[in-house]
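A.B. asks: The following block contains the structure, expressed as structure tokens.
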Amino acid sequence: MAAEFSGENFEAEVINSAKVALVDFYSDGCPPCRALAPLIDELSDELGDTATVGKVNVGNDMDLAMKYGISVVPTILVFKAGEVVERKTGALPKDQLQALIEQHA
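All residue numbers for the sequence shown refer to the UniProt record's numbering, where the first residue is 1 and numbers rise by one.
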């Protein structure tokens, strides 16, 4: 199961992570976000040893969404060493999500 990030744990879990982090910014009322959710959970289960995989509900954490310029959901950000190294919008297939992680690992 993918981690749920918020302003309270984002820095510790994502920014300060020694691993590459893939973060799905989503909203509850977004059909593509709901389609993407099980893929994010699968990646978290499969790649948890090599990557941090989680999500941020923009409805619950607007400050974090604004900080990273999230205007469309779903938006996927990939972080490495605390910096955004990749940004994708829309519901991507699992193989593309996994490739984003592997490309920056």
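Every residue, glycine too, gets a C-beta built ideally from N, C-alpha and C.
Tell me the DSSP secondary structure of aspartate 61 in three-state form.
C.D. replies: Numbered from 1 along the sequence shown, position 61 holds the residue referred to as residue 61. In this structure, aspartate 61 counts as coil in the three-state DSSP scheme.
A.B. asks: Report the three-state DSSP secondary structure of aspartate 95 (helix, strand or coil).
C.D. replies: Sequence index remark: in the sequence shown, residue 95 carries index 95 (1-based). Three-state result, aspartate 95: helix.
A.B. asks: With a Cβ-Cβ cutoff of 8 angstroms, do valine 53 and leucine 43 count as a contact?
C.D. replies: As a position in the sequence shown, residue 53 is number 53, starting the count at 1. As a position in the sequence shown, residue 43 is number 43, starting the count at 1. Contact flag set, yes.
A.B. asks: Express the C-alpha separation of tyrosine 68 and asparagine 9 in angstroms, rounding to a whole number.
C.D. replies: For the purposes of this step, residue 9 is identified with residue 9 of the sequence shown, where counting begins at 1. For the purposes of this step, residue 68 is identified with residue 68 of the sequence shown, where counting begins at 1. When rounded, the distance between both Cα atoms is 15 angstroms.
A.B. asks: Please work out which residues of its chain come closer than 6 angstroms, Cβ to Cβ, to alanine 21, disregarding the five sequence neighbours upstream and downstream, and give them in chain order.
C.D. replies: Sequence index remark: in the sequence shown, residue 21 carries index 21 (1-based). Taken in chain order, the residues that qualify are Val14, Thr52, Phe79.
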